[in-house]
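Here the UniProt record's numbering is used: the first residue of the sequence shown is 1, the next is one more, and so on.
By construction, the Cβ of each residue, glycine as well, lies at the ideal position given by its N, Cα and C atoms.
Here is the structure we will look at, set down as structure tokens.
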Amino acid sequence: MRLVLLGPPGAGKGTQAAILSEKLGIPHISTGDLFRANIGEGTPLGVEAQQYLDAGKLVPTDVTARMVKARLKEDDARDGFLLDGFPRTVEQAEILEDFMKEFGTELNGVVNFQVSEDVVVERMLARGRADDNEETIRTRLQVYRDETAPLIDHYGDEIIAIKAEGTVEEINARTLEALGK
Ligand code: ADP
Numbered sequence: 001m002r003l004v005l006l007g008p009p010g011a012g013k014g015t016q017a018a019i020l021s022e023k024l025g026i027p028h029i030s031t032g033d034l035f036r037a038n039i040g041e042g043t044p045l046g047v048e049a050q051q052y053l054d055a056g057k058l059v060p061t062d063v064t065a066r067m068v069k070a071r072l073k074e075d076d077a078r079d080g081f082l083l084d085g086f087p088r089t090v091e092q093a094e095i096l097e098d099f100m101k102e103f104g105t106e107l108n109g110v111v112n113f114q115v116s117e118d119v120v121v122e123r124m125l126a127r128g129r130a131d132d133n134e135e136t137i138r139t140r141l142q143v144y145r146d147e148t149a150p151l152i153d154h155y156g157d158e159i160i161a162i163k164a165e166g167t168v169e170e171i172n173a174r175t176l177e178a179l180g181k
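Laid out in structure tokens, this is it:
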């Protein structure tokens, strides 16, 4: 299956993706993880991305899209993937659409993890990642509202909505059921 995972920052996409990846036998491709790995290794891409992650802003789309395309071309992603963190804008969704056409394939669905803003702030503060301070969280939520939430309308019928409040196990069970697995 080729799935896009959507949801606000702190929705628990990464946690759910790790479990789904194992159960469905397809790789979890997280743009945030890819950026953090590049930052950790000090690659040119990491050096460029770091200022954006630190500020909670989006890394420029050309940089992000190039990274995603290279990752999607790897062997393990040929028969399926869980794409977490891309697209984050309608422009990126159109680029992903172009990639799928170029690869001669298409998405099977877009899973949208729905969760209230109070819960996401609570989860992010509890997780304590380097970019999880109050100011950055506020910026990321604003970026989500302005740039990412419009993807829900953009994808329309392709959206598979999941209520993402509850325990990790409950949310995983709901997701598998919604996917017919
Ligand atoms: P969260 O889901 O908590 O926002 P992520 O790990 O998905 O965290 O993303 C962390 C940061 O990585 C974002 O705040 C942004 O700076 C950058 N990033 C991730 N995906 C994208 C993307 N598709 N386009 C631009 N920047 C991105």
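Contact check, residue i vs residue j, beta carbons under 7 Å
i	j	result
LEU5	ALA18	no
SER21	LEU82	yes
VAL110	GLU158	yes
Closer than 6 Å: residue i CB and nearest the ligand SAH heavy atom
i	result
THR31	Among the ligands present in this structure, namely the ligand ADP, the ligand SAH is not found.
Cβ shell of residue i (< 6 Å), same chain only, five flanking positions each side left out
i	result
ASN38	LEU45, GLY46
PRO8	VAL120, TYR144
ARG140	PRO9, GLY56
Which listed residue (the options) has its alpha carbon closest to that of residue i
i	options	result
ILE171	ALA130, LEU3, THR61, ALA11	ALA11
residue 182	MET124, GLU48, LEU34	A query on residue 182 cannot be resolved here, the shown segment of the chain reaching from 1 to 181 and no further.
residue 209	TYR155, ASP118, LEU151	Missing from the structure shown is residue 209; the chain here goes from 1 to 181 and no further.
ASN112	THR43, GLU169, ASP54, ALA161	ALA161
LYS181	GLY14, THR15, LYS13, LEU24	LEU24
MET124	LYS13, VAL63, LEU3, MET1	LYS13
GLY85	THR64, GLU94, ASP98, GLU102	THR64
ARG66	THR31, GLN51, GLU41, GLY40	THR31
Expected contact under 8 Å - CB spacing of residue i and residue j to nearest Å
i	j	result
THR61	GLU91	6 Å
Own chain, CB closer than 8 Å to residue i, minus 5 neighbours either side, in chain order
i	result
ASP79	ILE26
ARG36	LEU53
Endpoints, the beta strand (DSSP E) within which residue i is located
i	result
ASP84	81-84
Boundaries (first-last residue) of the alpha helix (DSSP H) holding residue i
i	result
LYS23	13-24
Interface flag, residue i vs chain B, CB-CB below 7 Å
i	result
GLU158	Here there is only one protein chain, and chain B is not present.
Beta-carbon proximity list for residue i, same chain, < 7 Å, skipping 5 on both sides
i	result
ASP76	PRO27
ALA178	ILE160, ILE162
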